[in-house]
Every structure is written in C-alpha cells, then in structure tokens.
C-alpha cells in the first residue's frame, strides 16, 4: 500500500499543476495513465455504475 502511495505522490509531484488535486489530475491526464503509474490493470468492477450519457457515440451500421 505504501508503494502505491509513493508512486501516486511522485506522479503528482511531476505532473500536477499548481493547487491541483490528485483526482483533478487523473481526470486531466486520464485513468489509463493513472493505472499505469500504480501498476494496475483496468477492471470492469472499478466502475460503480455505467454512464447514462456516454460521450463516445458509435455510428449505427448502414443496412443495405
């Protein structure tokens, strides 16, 4: 646990902006980058609930 906190602290020290919180930095740089820093793989169970309004829209396939 302390190794993970040290990794987060170091990452925040290197990439954080003035008066920026860790959560804000994760939002700015991305969860993928954060998971790389703490050496974790993404897992579906990390999501509490799916988004109601996805910001990525997929085009429906055109039917012939």
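Residue numbers (the numbering used here): 15 to 78. The C-beta atom is built at its ideal place from N, Cα and C for all residues, glycine as well.
Asked                                                                                                                                          : Found
Between residue 48 and the rest of its own chain, which residues show a CB-CB distance below 7 Å, the 5 nearest in sequence each way excluded? : 40
Given that a residue counts as buried once 16 or more other Cβ atoms are within 10 Å of its Cβ, and exposed if not, what is residue 23?        : exposed
Can you tell me which of the three DSSP states residue 48 falls into?                                                                          : helix
For residue 63, report the span of its alpha helix (DSSP H) as first-last.                                                                     : Where residue 63 is concerned, there is no enclosing alpha helix (DSSP H), given that its DSSP letter is neither H nor E.
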